[in-house]
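Protein chains in written order, with our numbering: chain A, 1 to 344; chain B, 1001 to 1344.
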DNA sequence: CAACGTCATGGTAGCGCTACCATTTTTATT
DNA sequence: AATAAAAATGGTAGCGCTACCATGACGTTG
């Protein structure tokens, strides 16, 4: 006696695939198939199985699934910041594109740290994700190797560059910085400053674009550049602008690293009764929606963050299903939005 | 012959726990223990095992772990929006608190939809998460049941209320709305409007606080309230303010649902040459850092979003490790920041 | 009508790990 | 020194699912 195994169900008593199979009077594997490749199961069984699933409230265990198939239905997403609106928009695009797919999202925050990125890539890799989406193109050699060996599609987002690990969606920050600066020059500004916080690689490239445009026009002066590694914010924009002005009182324009900084500059101009755009011209970067309602409205470089997220998912999904997109590098560009802040 | 099993390694050839065990000359279970409860393994073996782990580059498979232990090292986090700074801050607090724990984060975006929340809860539940953190207290009955049966600690964040599913960290939006409105009244404003977008339950409670204060002072008039279900933004704030003013030209103050709206109102005042705070007083909600540098600086209700995220994790972690905090409802409060926009 | 696909279904054997019990060794305790 | 108790280690048996192969029932073809 005592032949009956207690069957402790350490899993907590939720129905399993064999419960469903038993109830539907089929084999477990058929249930598995009915759920994943319905077209390979006869309509009759499919219906029976569906009924059993509904009745029991069966939900497949993703962990067991991942273990058995050596592939988790997870997209790993790595961004440097969660609060920066720019990345928040990319992430939103990714979530929206994946919301009615079976894929879950594993989001990591690198805090702009290469080391943290490596650590997270390690963690993510251990899950055998279906795809990896990472911000930027400046991975450390270790990170790059991890990405190359991830064994899944990889999309680098927010930038374009010559050597994708796999695929890429973004735009040229250098060109963006150049376009912003050229616009200020064309509008008649001459002593144009660059103000930037959190000088990550993307900001560096915008600065390079600024510098290229200024040098080409014979206007560059290193004292026009004010930067800090501190995290960007509106209050910081105000302070940096005051610094810049103290350093260079003849300043007549500023290209800001991003819109937060630009807003800080605008507020300080109000406070100090500096006329915008007459005395100072302002250009931001990213074109947050508040730029168009600011008073005066602020010229900015519009970027397509949400679209970048969507596109990245679309490309990854295509690669997963076998047909890799022919173009591995997608440049979504940007647009200069001319507004009152530079309408001299 | 052919006795040697090919051992196909469909897992892709990464080292497993038995590889480590073999190399270290111990049993697999000892490796498992050395990794999870090092104090239960002798120092010598621990060192040998660590050496083997390092040499092989072994990383445990979280899926196998979750399957075997019926518990995934995952925190499920549910927020209604990814781009709203308020939730981004909460999420950041959660990430920062969990960054050097073994727990991963599964983040879900409900888009303010109860149905979507139910769906995500279902998906999350199937993973047997270690804890669940959800925004708000207005779950549908189905969601509430799912939370109650999740079999793990649950923390509701951003609000306080009488009946937590399990634990709660937040503050009273009603009191916040009341405090903001009372401040305007004390400052001498009388025709005080309420302007709100995306009237989610939290906004509704702020409105209720506004109404309570206004009625108490005998100032309430339904025509003073301007709301819309549309998603909140700075441009929308501007528009709603224009609507409000058209409807009620004698308006002399506004309590805004949130800071985005407040900023939109401020910009419109600039544009229409309406003096702030003389002609119109403005109060925002949440106190984004730009409020203090705006010109004029904007009075707002400071809320502790980041801290809410951290606290939620701390409480969940305590519950996981067995000692549930004695206070299951934590009220982190808020603070009225008086600034120029209401300094009549 | 034999020989050969093709389709629908099922059985078996793991995926990589840990819970649950042994079993052995060491350390108190009397 | 004998015994109990605690500490350290290991073996076995799954967790819930799917890859892989096997089986049988049908056509299809020459």
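Note that the Cβ used here is the ideal one computed from N, Cα and C, for glycine as well. Given the structure is predicted, the values throughout are model-derived calculations rather than measurements.
Along the chain, where does the beta strand (DSSP E) containing residue i start, and where does it finish?
{"i": "residue 1302 of chain B", "result": "1299-1303"}
{"i": "residue 104 of chain A", "result": "104-109"}
{"i": "residue 1353 of chain B", "result": "This structure cannot speak to residue 1353 of chain B, because chain B is shown only from 1001 to 1344."}
{"i": "residue 196 of chain A", "result": "192-196"}
{"i": "residue 168 of chain A", "result": "167-171"}
{"i": "residue 1286 of chain B", "result": "1281-1286"}
{"i": "residue 1253 of chain B", "result": "1253-1256"}
Answer with yes or no whether the minimum CB distance from residue i to chain A is below 8 Å.
{"i": "residue 1004 of chain B", "result": "Low confidence applies to residue 1004 of chain B: its pLDDT is 33, below 50, so where it sits in the model is not reliable enough to give any reading."}
{"i": "residue 1073 of chain B", "result": "no"}
{"i": "residue 1192 of chain B", "result": "no"}
{"i": "residue 1334 of chain B", "result": "no"}
{"i": "residue 1008 of chain B", "result": "Because the pLDDT at residue 1008 of chain B is just 46, under 50, the model does not fix this residue reliably, and the value given afterwards should be weighed accordingly. No, residue 1008 of chain B lies away from the interface with chain A (no Cβ there is under 8 Å from its Cβ)."}
{"i": "residue 1271 of chain B", "result": "yes"}
What's the call for residue i, buried or exposed, on a 16-neighbour Cβ count within 10 Å?
{"i": "residue 29 of chain A", "result": "exposed"}
{"i": "residue 1044 of chain B", "result": "exposed"}
{"i": "residue 1250 of chain B", "result": "exposed"}
{"i": "residue 1025 of chain B", "result": "exposed"}
{"i": "residue 1237 of chain B", "result": "buried"}
{"i": "residue 230 of chain A", "result": "exposed"}
{"i": "residue 1115 of chain B", "result": "exposed"}
{"i": "residue 1149 of chain B", "result": "exposed"}
{"i": "residue 1297 of chain B", "result": "buried"}
{"i": "residue 1106 of chain B", "result": "buried"}
{"i": "residue 97 of chain A", "result": "buried"}
{"i": "residue 1264 of chain B", "result": "buried"}
{"i": "residue 101 of chain A", "result": "exposed"}
{"i": "residue 1327 of chain B", "result": "exposed"}
{"i": "residue 1190 of chain B", "result": "exposed"}
{"i": "residue 1378 of chain B", "result": "The structure shown does not extend to residue 1378 of chain B, since chain B spans only 1001 to 1344, so no value can be given for it."}
{"i": "residue 222 of chain A", "result": "exposed"}
{"i": "residue 153 of chain A", "result": "buried"}
Is residue j closer than 8 Å to residue i when the C-beta atoms are compared?
{"i": "residue 206 of chain A", "j": "residue 176 of chain A", "result": "yes"}
{"i": "residue 280 of chain A", "j": "residue 253 of chain A", "result": "yes"}
{"i": "residue 984 of chain B", "j": "residue 1213 of chain B", "result": "Past the boundaries of the shown model lies residue 984 of chain B; chain B is included only from 1001 to 1344, so the question cannot be answered."}
{"i": "residue 1165 of chain B", "j": "residue 1308 of chain B", "result": "no"}
{"i": "residue 305 of chain A", "j": "residue 90 of chain A", "result": "yes"}
{"i": "residue 277 of chain A", "j": "residue 319 of chain A", "result": "no"}
{"i": "residue 287 of chain A", "j": "residue 311 of chain A", "result": "no"}
{"i": "residue 1058 of chain B", "j": "residue 82 of chain A", "result": "no"}
{"i": "residue 78 of chain A", "j": "residue 135 of chain A", "result": "yes"}
{"i": "residue 1260 of chain B", "j": "residue 1300 of chain B", "result": "no"}
{"i": "residue 1130 of chain B", "j": "residue 1092 of chain B", "result": "no"}
{"i": "residue 209 of chain A", "j": "residue 174 of chain A", "result": "yes"}
{"i": "residue 1224 of chain B", "j": "residue 1188 of chain B", "result": "no"}
{"i": "residue 146 of chain A", "j": "residue 125 of chain A", "result": "yes"}
{"i": "residue 1038 of chain B", "j": "residue 1047 of chain B", "result": "no"}
{"i": "residue 1180 of chain B", "j": "residue 1283 of chain B", "result": "yes"}
I want to see whether chain B comes within less than 8 Å of residue i, judged by CB atoms only; does it?
{"i": "residue 346 of chain A", "result": "In the structure displayed, chain A extends from 1 to 344; residue 346 of chain A sits before or after that span and is not available."}
{"i": "residue 105 of chain A", "result": "yes"}
{"i": "residue 66 of chain A", "result": "yes"}
{"i": "residue 101 of chain A", "result": "no"}
{"i": "residue 220 of chain A", "result": "no"}
{"i": "residue 267 of chain A", "result": "yes"}
{"i": "residue 1 of chain A", "result": "With a pLDDT of 29 at residue 1 of chain A, under the threshold of 50, the predicted position of this residue should be treated as unreliable, though the coordinate-derived value follows. No, residue 1 of chain A lies away from the interface with chain B (no Cβ there is under 8 Å from its Cβ)."}
What is the residue span of the alpha helix (DSSP H) that residue i lies within?
{"i": "residue 985 of chain B", "result": "The shown model of chain B, from 1001 to 1344, leaves out residue 985 of chain B, and the question about it has no answer."}
{"i": "residue 1265 of chain B", "result": "1259-1271"}
{"i": "residue 1331 of chain B", "result": "Taken as a continuous stretch (DSSP letters only), residue 1331 of chain B belongs to no alpha helix (DSSP H), being part of the beta strand (DSSP E) at 1329-1331."}
{"i": "residue 1293 of chain B", "result": "It is not in any alpha helix (DSSP H) - residue 1293 of chain B carries neither H nor E in the DSSP assignment."}
{"i": "residue 1326 of chain B", "result": "Per DSSP, residue 1326 of chain B belongs to no alpha helix (DSSP H) and is neither H nor E."}
* Asked: Using a beta-carbon distance cut-off of less than 8 Å, what residues from the stretch 1045-1064 of chain B approach chain A?
  -> Those would be 1059, 1060, 1061, 1062, 1063 and 1064, in chain order.
* Can you list, in chain order, the residues of the stretch 1274-1301 of chain B whose Cβ is nearer than 7 Å to any Cβ on chain A? -> Against chain A - using a Cβ distance shorter than 7 Å - the residues of the stretch 1274-1301 of chain B are 1289, 1290, 1292, 1293, 1294 and 1295.
* Contacting positions in the stretch 225-254 of chain A - beta carbon closer than 7 Å to chain B -> Answer in chain order: 233, 234, 235 and 238.
* To do: For the stretch 1070-1094 of chain B, enumerate the residues whose C-beta is nearer than 8 Å to any C-beta of chain A, in chain order.
  => Closer than 8 Å at the C-beta level to chain A, one finds these residues of the stretch 1070-1094 of chain B: 1070, 1072, 1082, 1083, 1085, 1088, 1089, 1091 and 1092.
* Selection of the stretch 121-139 of chain A by Cβ proximity to chain B, strictly under 8 Å -> Listed by position, the residues of the stretch 121-139 of chain A near chain B (Cβ gap below 8 Å) are 122, 123, 125, 126, 127 and 128.
* Asked: When Cβ atoms are compared, which residues of the stretch 1109-1121 of chain B fall closer than 7 Å to chain A?
  -> Listed by position, the residues of the stretch 1109-1121 of chain B near chain A (Cβ gap below 7 Å) are 1109.
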